[in-house]
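Here the structure is laid out as structure tokens; the discussion comes afterwards.
2 protein chains.
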Amino acid sequence: MSMTPLLDHIQGPADLKDLSAEQLEALAEEVRQFITASVSQTGGHLASNLGVVELTIAMHRVFDFARDRLVWDVGHQCYAHKILTGRRDVFANLRQADGLSGFPDPEESPYDAFRVGHAGTSIATALGLALGAQHRGTDERVVAFVGDASIVNGTNFEALNNLGLVRRQLLIVLNDNSMAIDVTPGAMAHYLARVRLSHTYEDLRKTTQSILDHLPVIGRPMGEALENFKKTIRMQISPSRLFESLNIPYFGPVDGHDIISLIELFQALSDLDRPALLHVYTRKGKGFGPADTDPCRFHSTGPFEIRGQSVEVAPGPRSFTAAFSDAIVDVARADDRVVAITAAMPDGTGLTAFREAFPDRFYDVGIAESAAVDLAAGLARKGLRPFVCIYSTFLQRGFDHIFQEVALQGLPVIFCIDRAGLVGSDGPTHHGLMDIGFLRMLPSMVIAAPACESEMRQALMLAVRSETPIAIRYPRDVVRNGRIDAACEVGPFEPPHGRIVRQGRDPIVLAALGPVLDRALDAADRLEEHGVSVTVFNARFAKPVDPALPEAVAAGKTVVTLEDHYRIGGFGSAVLETVAAGGPAGADGRVLCLGVPDTFVPAAERASQLDAAGMSVEAVVQIVLAHCDAAHKSRFKQTL
Amino acid sequence: MSMTPLLDHIQGPADLKDLSAEQLEALAEEVRQFITASVSQTGGHLASNLGVVELTIAMHRVFDFARDRLVWDVGHQCYAHKILTGRRDVFANLRQADGLSGFPDPEESPYDAFRVGHAGTSIATALGLALGAQHRGTDERVVAFVGDASIVNGTNFEALNNLGLVRRQLLIVLNDNSMAIDVTPGAMAHYLARVRLSHTYEDLRKTTQSILDHLPVIGRPMGEALENFKKTIRMQISPSRLFESLNIPYFGPVDGHDIISLIELFQALSDLDRPALLHVYTRKGKGFGPADTDPCRFHSTGPFEIRGQSVEVAPGPRSFTAAFSDAIVDVARADDRVVAITAAMPDGTGLTAFREAFPDRFYDVGIAESAAVDLAAGLARKGLRPFVCIYSTFLQRGFDHIFQEVALQGLPVIFCIDRAGLVGSDGPTHHGLMDIGFLRMLPSMVIAAPACESEMRQALMLAVRSETPIAIRYPRDVVRNGRIDAACEVGPFEPPHGRIVRQGRDPIVLAALGPVLDRALDAADRLEEHGVSVTVFNARFAKPVDPALPEAVAAGKTVVTLEDHYRIGGFGSAVLETVAAGGPAGADGRVLCLGVPDTFVPAAERASQLDAAGMSVEAVVQIVLAHCDAAHKSRFKQTL
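Chains as they are written, first to last, in this note's numbering: chain A, 22 to 661; chain B, 22 to 661.
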């Protein structure tokens, strides 16, 4: 017999209409079981998805998101939504090549409005959709679904501030799963937590009833209904105060696991003729013991083994994140000017150990990348050495702040850019393929790309010594030991200098930036077999470019650059620019650039993404061989 | 006799200590007169500076900003500050080459903490400074000075949300000059305006007295003092509600032109042991009739002639902004899908006429560039054609949103990027030298650079037809008529195609992007005199690159690129990449790239900034001649 008898009959949201209250509750349990079992196989986001099952069912029961629009914030909590909208059967391929995206994706389903993955954008985007409908005079409904950790992002605040532009329906669902004051930083989280602590479960039921009593407002002015609703709500701390200051009609808080009440609430709120915010309490990780107790651990997870209510996770090989984690603790121990800043990702960026060792030198500003950068600038101005630890893709949010507050002031802020390059299963929203491109336009910026653990440590030590801004980029990948380690361990790590790690006899240099060095070394081995002896160069820095590279070109050699970044604007471009700047007599040789082509790269294994980007060892070998062939023909032509 | 007898004796803030109350008030008038007279000669920001004279004097009387730190938001309101800190004598050179910056600049004075120009950063930066002092255990005081138009920026909100990190003094001065609900958009402005309308001038005096009665709080818990203060404040709408929700101790509102009270308030607040916000009312343009009546007109102005209380401004030659302004109105008239979005700059971006013609199709979201981009994405998803009009330098704030909400979805949002390139007198914070670099990394993005008015119109028509994102960049410059206009008028404006506007006989192509085309044409004339006949190419698009350029290189020609952008990452790099991508046999000729070198460019006339960047006509001529010479020698060498 199936473990999920009800879910088996849900082909789409329309099938929810026939279910009874009891069946809907049972369905929620089935969905939760399905998610847990599925994520234990594939890895993925768990805790957040378990928390929003009832909410998702209730929304789909009331709205028709084939026509109505549902905009997720971040989007990692969309699994129940995917399951209910016909994508259950492909869940086994979650976050895999040609499989289901871990985030909403309109190319997958008409039920997905936007392809997202970054936080802070749902309200502004939904605002645009609502204004679009307002222009067009269409009546589809718009829902923005945002968590308490994302609503504090500056862009969401900017959107809340502009909600008054909308003169039609627009519902913001605030999914508040703040577990305690300590976990989510910031004043708004503190405020929400105080609100939460100030009332009982019974209060939530009364609030729900009060909302339902006063809505729908057909034939009655909204203001009056709201006033009546507010009069019946008597909590110690008014949850509406903050939102009302911004003129946002506020309803709640209500229980996010009471599926029947939620359906009634959505029915009542779905036809309001103005924007409104519904504040819903949920529990992250609900229903699966380990995730319920430790939701941080199960925010994003690899595959794991369920043993009753406990789990076993196989430890992975050592990652760049782990290497960074150890290195920054050591660097901070030796230099008390070192402080570290994260934007809501202490785990992901490898700062947990640092936070434990130096609680007073650690700042988590929440999902607020731009403020994190400015904060670091202030700290640096006071003589400290702030390490700003933000994934490459999210650092895009701080670009202008890196420009104005850091680079323009020439301040020694250190950007530790994890997930630089292709990231594998998170897919196109999460790749870090532009950091070299936007950072190297900034005068005074140094960009380092350590290829191994030893270089990671040296890069951090260099950064602490630096009096100007520096960025250190490294991928979501394991740190290789053995050959690459030995190859890069020699010599001081000092801009602009890269290192020759293998001297060839032919006039061809493979110049690799970062850990793709291993592919260059493998290609060199294979080329030896073809009788071609290339030099392998560990570039170490994308900015400044080692003058050895344009010199090699000027001497008639061919430089082949390899990088885990868009070919546009990356390290290869930097080398091309340096060669071109050599002037009329600058280039007798050639530069060939390998990197990620000009497309959005879908989810897959990271290694195969690099292969598909034209950087498989075989591809590198073939490019060099083709070049040798062409160069030979060209020499032949000249002789004629 | 001097018009400014008191000001004449102010060499630095210390000289304020000896002045009586009457003298301080008289000094404020003198400073105002000095600013008005000075700006009428040099141009600059006027209205905002006239509004904060008393505030500035009061701050300098209480704080010592050689040691204490004052962080301005945007910074265009720092003139009185500069005048009082020893820079009055050089005010005649405001915003000129080797002159005084129009914004704070630590290189000018130890009284300037940060070099700024963009909005939204003061609170986060001050937060960093305060945390730095907290770490170091030093007792200098930190003040963030922020206007009501900037405090709504998302980064400021993120910083307010994190104010709890600070356990020492940090004063935020909210300079509220909102003139009416209509002028500044957004809920917070509406809230502040309602607060403002809900009380009388007498209320402000009572509030001030109440603050002074309850502070300093030495020996008394801050919470108690605050409670007592609040009890005595009885306004219709509580001005503190919004800030208190975020746990920010709030004081005010108080009168920002009552210099004596301000001094007492700053004295009382300067020693608080925690962050606080002082809400101050000022009048933009105060004391100078025309600026008082029309502060928008006098926000940023060129030189003008004062005739009593009226002014005369000489109309300038036709600008790209004016060309855009007319073109978008025409395009919108022909296509009702066109809507326009600005981030608080309807005048600057040339949208005033559009707003008048199509009030329902115009959105001003305030200083909220990232939300503006998301909003546009939502509108585009609904079938509209949103034109997002943001200066190049401020568009940096929306980079990640352009990536995720627009490019990743492939939505037809149109970015109209004014002030792209060197901007002249506003200096390094305001140049738009990176837009090509960050935008061209985005797959599917088209980047157009019209060289003349006719191409501006064609670019807008192309944009409306486009089904994918497109950016149109143009400088803060006049639209040239005559030759350049005639040269670029021919042929359809369609990516990737540029146009040969002058066919030469020698194998040299000057490929210019945008209006620097005029310099290429002039250089071609001059080269003719040296017996060199070059081809001039109007590139029109930075992405995609016209294949004619790599083909020219493959055919052995030399392409010299010219662009008003950093050489790093710009159009020249795009050409280099395209040539390199041609493979081993791709390049027989050369590419030389002219553009702005890797430095921060100080304020000066725009034309001389382009000259200094190596793009004077003479420099272009010399580079081509040097190249011809080298190429000749190289051919000679081969013959041997």
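All C-beta atoms, glycine included, are put in the ideal place defined by N, C-alpha and C. Source: prediction; values computed, not measured.
Output the distance between the C-alpha atoms of residue i and residue j, rounded to the nearest integer angstrom.
{"i": "lysine 38 of chain A", "j": "alanine 140 of chain A", "result": "32 Å"}
{"i": "methionine 492 of chain B", "j": "aspartate 439 of chain B", "result": "Note on residue identity: the sequence assigns alanine, not methionine, to residue 492 of chain B. Roughly 10 Å separates the two Cα atoms."}
{"i": "serine 231 of chain B", "j": "leucine 218 of chain B", "result": "20 Å"}
{"i": "aspartate 119 of chain A", "j": "proline 367 of chain A", "result": "31 Å"}
{"i": "aspartate 292 of chain B", "j": "glutamine 190 of chain B", "result": "7 Å"}
{"i": "glutamate 129 of chain B", "j": "glycine 96 of chain B", "result": "14 Å"}
{"i": "leucine 583 of chain B", "j": "leucine 542 of chain B", "result": "11 Å"}
{"i": "proline 517 of chain A", "j": "proline 516 of chain B", "result": "38 Å"}
{"i": "phenylalanine 135 of chain A", "j": "cysteine 99 of chain A", "result": "12 Å"}
{"i": "proline 536 of chain B", "j": "leucine 372 of chain B", "result": "22 Å"}
{"i": "valine 275 of chain B", "j": "arginine 262 of chain B", "result": "16 Å"}
{"i": "valine 434 of chain B", "j": "histidine 422 of chain B", "result": "12 Å"}
{"i": "alanine 68 of chain B", "j": "alanine 651 of chain B", "result": "56 Å"}
{"i": "valine 642 of chain B", "j": "valine 553 of chain B", "result": "10 Å"}
{"i": "methionine 22 of chain A", "j": "leucine 429 of chain B", "result": "43 Å"}
{"i": "tyrosine 412 of chain A", "j": "alanine 480 of chain A", "result": "17 Å"}
{"i": "phenylalanine 344 of chain A", "j": "threonine 314 of chain A", "result": "It should be pointed out that residue 344 of chain A corresponds to alanine in this sequence rather than to phenylalanine. In a straight line, the C-alpha of alanine 344 of chain A is about 28 Å away from that of threonine 314 of chain A."}
{"i": "proline 311 of chain A", "j": "aspartate 279 of chain A", "result": "22 Å"}
{"i": "serine 41 of chain B", "j": "histidine 81 of chain B", "result": "15 Å"}
In the DSSP assignment, what residue or residues form a beta bridge with residue i?
{"i": "proline 618 of chain B", "result": "In DSSP, proline 618 of chain B forms no bridge with anything."}
{"i": "alanine 532 of chain B", "result": "B:Phe558 and B:Thr582"}
{"i": "aspartate 385 of chain B", "result": "B:Thr363"}
{"i": "asparagine 196 of chain B", "result": "B:Gly168 and B:Val301"}
{"i": "leucine 613 of chain A", "result": "A:Val581"}
{"i": "isoleucine 438 of chain A", "result": "A:Arg494"}
{"i": "histidine 518 of chain B", "result": "Answer by DSSP bridge pairing: none, since histidine 518 of chain B is not bridged."}
{"i": "cysteine 410 of chain B", "result": "B:Thr363 and B:Cys437"}
Going by beta carbon distance, what residues of the same chain come within less than 8 Å of residue i, once the five residues before and after it are set aside?
{"i": "histidine 648 of chain B", "result": "Ile529, Thr579, Val581, Arg611 and Leu613"}
{"i": "serine 266 of chain B", "result": "none"}
{"i": "arginine 354 of chain B", "result": "Ala378"}
{"i": "valine 386 of chain B", "result": "Pro206, Gly207, Ile362, Thr363, Ala364, Ala365, Ala392, Ala393 and Leu396"}
{"i": "valine 499 of chain B", "result": "Gly337, Pro338, Arg339, Ser340 and Phe341"}
Whose C-beta lies closer than 6 Å to the C-beta of residue i among residues of the same chain, with five residues either side of it excluded?
{"i": "histidine 102 of chain B", "result": "Thr77"}
{"i": "histidine 451 of chain A", "result": "Gly138, Thr414 and Val444"}
{"i": "glycine 309 of chain A", "result": "According to the sequence shown, residue 309 of chain A is phenylalanine rather than glycine. So the qualifying residues of the chain are Thr57 and Leu71."}
{"i": "arginine 520 of chain A", "result": "Gly512 and Asn559"}
{"i": "leucine 405 of chain A", "result": "Arg358 and Val360"}
{"i": "valine 316 of chain B", "result": "It is worth fixing the name first, because residue 316 of chain B is proline in this sequence and not valine. Correct list, in chain order: Ala68, Lys305 and Gly306."}
{"i": "serine 487 of chain A", "result": "Pro433"}
{"i": "threonine 599 of chain B", "result": "Val566 and Pro571"}
Leaving out five residues on either side along the sequence, give the residues of the same chain with a beta carbon under 7 Å from the beta carbon of residue i.
{"i": "leucine 181 of chain B", "result": "Ile144, Leu267 and Ile269"}
{"i": "proline 131 of chain B", "result": "Ala87"}
{"i": "aspartate 527 of chain B", "result": "Val553, Ser554 and Val555"}
Closer than 6 Å to a non-hydrogen atom of the ligand SAH - does that hold for the CB of residue i?
{"i": "isoleucine 284 of chain A", "result": "In the structure on display, the ligand SAH does not appear, and there are no ligands present to speak of."}
* To do: Answer yes if the segment 313-328 of chain A comes into contact with the segment 55-75 of chain A, meaning at least three C-beta pairs across the two stretches below 8 Å, and no otherwise.
  => Judged by Cβ distances under 8 Å, the segment 55-75 of chain A makes contact with the segment 313-328 of chain A, as three or more pairs qualify.
* **Positions along the segment 628-656 of chain B whose CB lies within less than 9 Å of some CB in chain A** => The segment 628-656 of chain B vs chain A, Cβ under 9 Å: Ile644, Ala647, His648, Cys649, Asp650, Ala651, Ala652, Lys654 and Ser655.
* Positions along the segment 581-598 of chain A whose CB lies within less than 8 Å of some CB in chain B -> Result list: Tyr587, Arg588, Ile589, Gly590, Gly593, Ser594, Ala595, Leu597 and Glu598.
* To do: State whether the segment 147-167 of chain B contacts the segment 393-401 of chain A, with contact taken as three or more CB pairs (one from each stretch) at a distance under 8 Å.
  => Cβ pair count under 8 Å is three or more, so yes.
* For the 8 Å Cβ check, are there 3 or more pairs between the segment 450-468 of chain B and the segment 335-350 of chain B? -> Output reads no: the segment 335-350 of chain B does not touch the segment 450-468 of chain B.
* Inspect the CB distances between the segment 470-477 of chain A and the segment 621-638 of chain B and report whether three or more fall short of 8 Å. => Counting Cβ pairs under 8 Å, fewer than three are found: no touch.
* Proximal residues, the segment 390-416 of chain B versus chain A, C-beta separation under 9 Å -> When C-beta distances to chain A are compared with 9 Å, the residues of the segment 390-416 of chain B below that value are Glu390, Ser391, Ala392, Ala393, Val394, Asp395, Leu396, Ala397, Ala398, Gly399, Leu400, Ala401, Arg402, Lys403, Gly404, Leu405, Pro407, Thr414, Phe415 and Leu416, in chain order.
* Output, in sequence order along the chain, the residues in the segment 609-629 of chain B whose CB is closer than 8 Å to any CB in chain A. => Answer in chain order: Arg611, Val612, Leu613, Cys614, Asp619, Thr620 and Phe621.
* Asked: Taking any Cβ of chain A, which residues in the segment 180-213 of chain B have a Cβ under 9 Å from it, in chain order?
  -> Cβ contacts with chain A: Ala180, Leu181, Asn182, Asn183, Leu184, Gly185, Leu186, Pro206, Gly207, Ala208, Met209, Ala210, His211 and Tyr212.
* **chain A contacts made by the segment 220-250 of chain B, where a contact means CB separation under 7 Å** => Within the segment 220-250 of chain B, no residue has its Cβ closer than 7 Å to any Cβ of chain A.
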